[in-house]
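Asker:
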Amino acid sequence: MNVADEITLRVSEIQRFCMHDGPGVRTTVFLKGCPMRCLWCHNSEMQKTEKELLFFKNKCIGCRLCASCKNGVHTFKYGHKIDREKCLLCGECEKNCPSSALLICGRDMSIDEIIREVKKDAAFYGQTGGVTLSGGEPFAQPGVTELLKRLKAEGINTAVETCGYYDVTDAVPYTDLFLWDIKDTDEARHKKNTGCRNKPVIDDLFAADKAGAKIRLRCILVNGVNTDETHYKNVAALMKKLRNCVGADILPYHAYGGSKAELTGREDNGDKALIPTEEQINRFKEMIKN
Amino acid sequence: MGFASVNGIERPVRLCEKTRAYAEESLGHKYGLDAKKTPCVSLDGITGFESFSPVQKYDAAIRAIAENAPLRICDGELISGAATLGAAISHVVPAFYNGAAVYMSNSHLTADFFSIVKDGIDSIRKKAEQAYRKYKGTDKEEFAKSCINCLNSFDIWHKRYLKELYNIGYTANYENLLTVPYKPAKTFYQAVQSVWFAFAFMRLCGNWPGIGRLDLLLGPYLQNDLQNGVITLDFAREILAHFFIKGCEWICGDCGSGDAQHYQNLVISGVDENGCDVTNEVTYLILDIIEELGISDFPTTVRLNKNSGEKLIKRVAEVMRFGGGTLAVYNEDKVIESMTKYGYELTEARRFANDGCWEVQVPGKTNFSYVPYDFLQLLQKKTLKSYDESVFFDSFDTMYNAYLSDIRGLLEGLLSDVKTNLMKCEDGGEWVWKPNIPCTVISLFEGGCVEKGRSYLEGGPVYNVISPHIGGLADTVNSLYAIKKLVFDDKKIGFSDFMRVLRENWDNDEALRQYALNKYVYYGNDEDEPDLLCARFLSDFADICKELDNRSGYRFPGGVSTFGRQLEWSHQRLACPYGRKSGEVLAANASPTPGSDKEGATAIIKSYCKNPLVKLPVGAALDVKLLPSSVKGEEGLDALCSLLRGFVLLGGFFMQPDVADAEILRKAQKNPGEYQNLSVRVSGWNARFVTLNKEWQDMVIEQNECCR
Chain S
9 MNVADEITLR
19 VSEIQRFCMH
29 DGPGVRTTVF
39 LKGCPMRCLW
49 CHNSEMQKTE
59 KELLFFKNKC
69 IGCRLCASCK
79 NGVHTFKYGH
89 KIDREKCLLC
99 GECEKNCPSS
109 ALLICGRDMS
119 IDEIIREVKK
129 DAAFYGQTGG
139 VTLSGGEPFA
149 QPGVTELLKR
159 LKAEGINTAV
169 ETCGYYDVTD
179 AVPYTDLFLW
189 DIKDTDEARH
199 KKNTGCRNKP
209 VIDDLFAADK
219 AGAKIRLRCI
229 LVNGVNTDET
239 HYKNVAALMK
249 KLRNCVGADI
259 LPYHAYGGSK
269 AELTGREDNG
279 DKALIPTEEQ
289 INRFKEMIKN
Chain U
837 MGFASVNGIE
847 RPVRLCEKTR
857 AYAEESLGHK
867 YGLDAKKTPC
877 VSLDGITGFE
887 SFSPVQKYDA
897 AIRAIAENAP
907 LRICDGELIS
917 GAATLGAAIS
927 HVVPAFYNGA
937 AVYMSNSHLT
947 ADFFSIVKDG
957 IDSIRKKAEQ
967 AYRKYKGTDK
977 EEFAKSCINC
987 LNSFDIWHKR
997 YLKELYNIGY
1007 TANYENLLTV
1017 PYKPAKTFYQ
1027 AVQSVWFAFA
1037 FMRLCGNWPG
1047 IGRLDLLLGP
1057 YLQNDLQNGV
1067 ITLDFAREIL
1077 AHFFIKGCEW
1087 ICGDCGSGDA
1097 QHYQNLVISG
1107 VDENGCDVTN
1117 EVTYLILDII
1127 EELGISDFPT
1137 TVRLNKNSGE
1147 KLIKRVAEVM
1157 RFGGGTLAVY
1167 NEDKVIESMT
1177 KYGYELTEAR
1187 RFANDGCWEV
1197 QVPGKTNFSY
1207 VPYDFLQLLQ
1217 KKTLKSYDES
1227 VFFDSFDTMY
1237 NAYLSDIRGL
1247 LEGLLSDVKT
1257 NLMKCEDGGE
1267 WVWKPNIPCT
1277 VISLFEGGCV
1287 EKGRSYLEGG
1297 PVYNVISPHI
1307 GGLADTVNSL
1317 YAIKKLVFDD
1327 KKIGFSDFMR
1337 VLRENWDNDE
1347 ALRQYALNKY
1357 VYYGNDEDEP
1367 DLLCARFLSD
1377 FADICKELDN
1387 RSGYRFPGGV
1397 STFGRQLEWS
1407 HQRLACPYGR
1417 KSGEVLAANA
1427 SPTPGSDKEG
1437 ATAIIKSYCK
1447 NPLVKLPVGA
1457 ALDVKLLPSS
1467 VKGEEGLDAL
1477 CSLLRGFVLL
1487 GGFFMQPDVA
1497 DAEILRKAQK
1507 NPGEYQNLSV
1517 RVSGWNARFV
1527 TLNKEWQDMV
1537 IEQNECCR
């Protein structure tokens, strides 16, 4: 048995034909678990490392086949209530639910399995496309570097979307492109809005750069949170200092992610007030243009 | 008005202001509405008309058209000739007797423009005269005479244009027409005029021919002229743009299934009969024009192969991104392989173009028609007896075989109808053609007819094809698959109970309906089990077609299409085993059932490519809907190129990608005035969205919605 057989990764979703997670046609592997808890997270069901029960309210037809749960997770006294405390993630309700309104998020897949899955679109990757690891934070799972290594060995172009909280120098030789989040450059705000410090993100970024990583910065822009001139300037300065930075993308906050929070029983955290203005976006673009 | 773009980027400007204004007029219905004012010429005054033979009547009609159809010379037009009689837009010969059309006209063919441009119509006249001498005194004499009569009429119409052009001082057009189309074209400009003039005459007489491989035809002329310094690339683009703009002269904004489906497709790039790449400057000029004007007539298909150059693919992707579905693609490797396997010579297969829509044929020598069938209806109403209590199958295979035998019955019935209606068996046991309605004009330009002394509809062309088409492929396969899984594999419900559930339109078992919809993966998701069932089904269908092939002088290759018929069919369809209720919108062509494709465009293409496309030499069309946002920027362009390359690599046949946004379409539905020239790919043809009626518009929106 080789190493790849033994390592499993917890995957929340594999999406084909992704056009905006790096160049060309890409398959994006979303991995579960993230050290950060960003205020604006749009994939909140991928934050926890543990598997989670998702409930798609709009798909539920009220058939109550899930009420057969032995642990009493699903009750219907006051509408369909889900007691996640009691849930052992056995998957019985997922199996019984005819409309796929219930879903266990998080599937442990071996590297071989993942490779098999992503190779389905190999004919479309061509010179530019390939696989992007996202999440969650891919590097929160120890097997990720091995996965990247295997993907490279298969001749597949690799990209990783990372929050930058981990030292990734080991993965640099197997990663064609890092899409590196710079969520904020203000230390206090970073800590407050993501739950993690900014310094490690910047340190890891320079370590990766030094190791020769090709990097594209990804800058979330959240109105009233990081829409100040100083932050823009800091990002521009950061770009200048990096040796292998190939550009930066601005990702304006959108509120769609909010409704996804409800899947896991969290509050809808979508807030339209956080959407940046055109003017803010253009100003930021201007600053990082060169 | 501007030229509609779905991706928020302005279309580039290369043509002069005057040509752009001309395009706006033509796209804005000016000439279509003009033609409607003079729908036809009258035959009422012709003495003894009623006592004429059918062919004599036809010849008189063509002559009356040539003599009396209004001429139209547009201000500043670079090429001349126009199909100005409105009834032709309704597919009849626009010459009326006692207020009614006398003859239907012809379509689903591509005329032989190569002979017209390279040899000139004089050479066709020579052949016609030879035929007349040869067949004098036989039953073919009348047709041979008719060929000469129709060429004489062509002559009359040609002379009228010459006179008018001379009078108004359009010297260049006049001088070109002194040479073409009678003599071989000497220059690119003359070659374009030659194609257009012959095309316009065929259309004037009511026919809807396709153009075929325009870059292969015109490329050498342009190359020669450029080398000799007699033309610039910019002027060549203007001339060709006028060809495209004049091609819109039948657009009149009528509502229905769209106002732009006169089967005038053209095909670009690919290899020639020797296997050499034909891509040339004309290929790129055509792409320039489509990109700038968003003109969807002529709907253009690009022949790609595994060696297609980076430059071509990128250019195709760039044009596609503006939306409108103006470009479709063949993977010619597969098309040629399927045609040679079927029995065409390799050189003939390499010549392929289409019937003016997307069904593959050898251009200029094929009489083609197709017969569409709703295969889902056959399954529901015949094999499953409308889910009657009496129907029962104890295994999937017995059900499947019963269905195949119903299909065989259907196809045998078709063949026997063809025999009864079109053919007769002579004493020696040989099948010969029965007389059909006259169609001399089109017969002149279809290889084989003049030589054989037989018209296009009477077996004249070298190849005669009737192609039975599967409609509702995905719905049928998904239905079979759902029964297999629910009843026979997973035993969720007994066969008879399931028939009851379906009979009741799922009204009493929503949980099972949801289970069928959500717990199984259907055709179009790159999942082997349903995809291979589809492949098996198509293979069995193709085998039946093969068995019945050439039984009576007809080729009988199968194809897959709906051409939008899914809309009318949907009303008569019962509930589907995979969870659809009766009357819901169903799958188009060889595309997945809307809503059942959950893995995106690449998975759709992969599922489609698992089919035995090589056994379907007429073709199976795949529609792929893409959102403008998913193909924007350099990354998006890369992705679209990769999608095209992947399609070829995986062995696809024909794909019509359409970049459209359901939201934009909805806006166009509300404010049609602002979206006059926004075109969408419907199915083998493009239509200006605002000229589709509400039902068609909704279907297109729904299909685009599903690609999200």
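In order, the protein sequence lines correspond to chains S and U. Quick note: the first sequence uses the working numbering, first residue 9, plus one each step. Quick note: the second sequence uses the working numbering, first residue 837, plus one each step. Ideal placement from N, C-alpha and C gives every residue a C-beta, glycine not left out. This one's a predicted model, so the numbers in the text were calculated from it and none came from an experiment.
1) Is S:Leu282 helix, strand or coil by DSSP?
2) Around the C-beta of U:Val1526, are 16 or more other C-beta atoms found within 10 angstroms, so that it is buried, or is it exposed?
3) Give, in chain order, every residue of the segment 1335-1349 of chain U whose Cβ lies closer than 9 Å to some Cβ of chain S.
4) What residues in its chain sit with their C-beta under 6 Å from that of S:Gln23, if we drop five residues either side in the sequence?
5) Provide the residue span of the alpha helix (DSSP H) that contains U:Lys1321, from first to last.
6) With a CB to CB cut of under 7 Å and the five nearest residues on each side skipped, what residues in its chain are close to S:Thr177?
7) When the cut-off is 8 Å and only beta carbons count, does U:Ser1466 lie next to chain S?
8) Does any heavy atom of the ligand COA sit closer than 7 Å to the C-beta of U:Asp1210?
9) So what's S:Met44 in DSSP terms, helix, strand or just coil?
10) Taking S:Lys280 and S:Asn51 to be in contact with their CB atoms under 8 Å, please state how far apart those CB atoms are, rounded to whole angstroms.
11) Run through the segment 1259-1289 of chain U for me and flag every whole beta strand (DSSP E) of 3 or more residues, listed as ranges in chain order.
12) On the three-state DSSP scale, how would you describe U:Gly1200?
13) For the segment 1396-1416 of chain U against the segment 1286-1293 of chain U, are there 3 or more C-beta pairs whose distance is under 8 Å?
14) Determine contact between the segment 282-298 of chain S and the segment 226-237 of chain S, defined as no fewer than three beta-carbon pairs at a distance below 8 Å.
15) On the CB-based measure, 16 or more other CB atoms within 10 Å of its CB, does U:His1407 come out buried or exposed?
16) Report, in whole angstroms, the separation of the C-beta atoms of U:Ala871 and U:Glu1085, which I expect to be a contact under 8 Å.
17) Consult DSSP for S:Lys127 and reduce its assignment to one of helix, strand or coil.
18) Mind the definition here: the segment 922-940 of chain U touches the segment 1311-1324 of chain U only if three or more C-beta pairs lie below 8 Å; say whether that holds.
19) If you follow the alpha helix (DSSP H) that S:His239 is in, where does it begin and where does it stop?
20) Listed in chain order, which residues of the segment 854-866 of chain U have Cβ atoms closer than 7 Å to some Cβ of chain S?
21) For S:Thr136, go through chain U and note every residue whose CB falls closer than 9 Å to its CB, in chain order.
22) Locate the alpha helix (DSSP H) running through S:Gln23, then write down its first and last residues.
23) Given U:Lys1321, which residues of its chain have a CB within under 6 Å of its CB, disregarding the five upstream and five downstream residues?
24) Which residue comes first and which comes last in the beta strand (DSSP E) that contains S:Thr166?
25) Would you check if the segment 913-920 of chain U and the segment 960-978 of chain U touch, i.e. whether three or more CB-CB distances between them fall below 8 Å?
26) Taking only beta-carbon atoms, is S:Tyr264 less than 8 Å away from chain U?
27) Under a three-way DSSP split, which group does U:Gly1161 fall into?
28) Could you say if the segment 1432-1452 of chain U and the segment 1322-1335 of chain U meet the contact criterion of at least three C-beta pairs nearer than 8 Å?
29) Taking only runs that begin and end inside the segment 1439-1527 of chain U, name each unbroken beta strand (DSSP E) of 3 or more residues, in chain order.
30) Out of curiosity, what's the CA-to-CA distance linking U:Lys1274 and U:Ala1034?
31) Can you check whether the C-beta of U:Leu1458 is within less than 8 Å of a C-beta belonging to chain S?
32) Determine the direct distance from the alpha carbon of U:Ser1466 to that of S:Gly30, and round the result to whole angstroms.
33) Along the segment 98-112 of chain S, what residues have a CB closer than 8 Å to any CB found in chain U?
34) Just reading off the alpha helix (DSSP H) that U:Trp1405 is part of, what are its end residues?
35) Against chain U, does S:Ala131 count as a neighbour if the rule is that its beta carbon must be under 8 Å from one of theirs?
36) Against U:Asn1354, what residues of chain S qualify as contacts under a CB-to-CB distance less than 7 Å, listed in chain order?
Answerer: A quick look at the data gives this:
1) Three-state DSSP puts S:Leu282 in a helix.
2) Buried is the call here.
3) Glu1346, Ala1347, Leu1348, Arg1349
4) Thr36
5) Neither: U:Lys1321 is in no alpha helix (DSSP H) and is coded neither H nor E.
6) Ala215, Ala216, Ala219
7) yes
8) Although the ligand COA was asked about, the structure shown includes no ligands whatsoever.
9) coil
10) Contact check for S:Lys280 and S:Asn51: beta-carbon distance about 19 Å, past the 8 Å limit, so the pair fails to qualify.
11) 1259-1261, 1267-1269
12) It is coil, neither helix nor strand.
13) Fewer than three Cβ pairs drawn from the segment 1396-1416 of chain U and the segment 1286-1293 of chain U lie within less than 8 Å of each other, which leaves the two stretches out of contact.
14) yes
15) Exposed, since its Cβ has fewer than 16 Cβ neighbours within 10 Å.
16) Taking a contact as a CB-CB distance under 8 Å, the pair U:Ala871 and U:Glu1085 counts as one, their CB atoms being some 7 Å apart.
17) helix
18) no
19) 237-249
20) none
21) Glu1471, Asp1474, Ala1475, Cys1477, Ser1478
22) Where S:Gln23 is concerned, there is no enclosing alpha helix (DSSP H), although the beta strand (DSSP E) it sits in stretches over 16-26.
23) Tyr1356
24) 165-170
25) no
26) Using beta-carbon distances, S:Tyr264 does not count as an interface residue toward chain U, since no partner is under 8 Å.
27) Correct three-state label for U:Gly1161: coil.
28) no
29) Fully contained in the segment 1439-1527 of chain U are the following beta strand (DSSP E) runs of length 3 or more, in chain order: 1455-1462, 1490-1495, 1515-1517, 1522-1524.
30) The displayed chain sequence assigns Pro, not Lys, to residue 1274 of chain U. Here the alpha carbon of U:Pro1274 sits roughly 19 Å from the alpha carbon of U:Ala1034.
31) no
32) 12 Å
33) Cβ contacts with chain U come from Pro106, Ser107, Ser108.
34) 1402-1408
35) yes
36) Pro106, Ser107, Ser108
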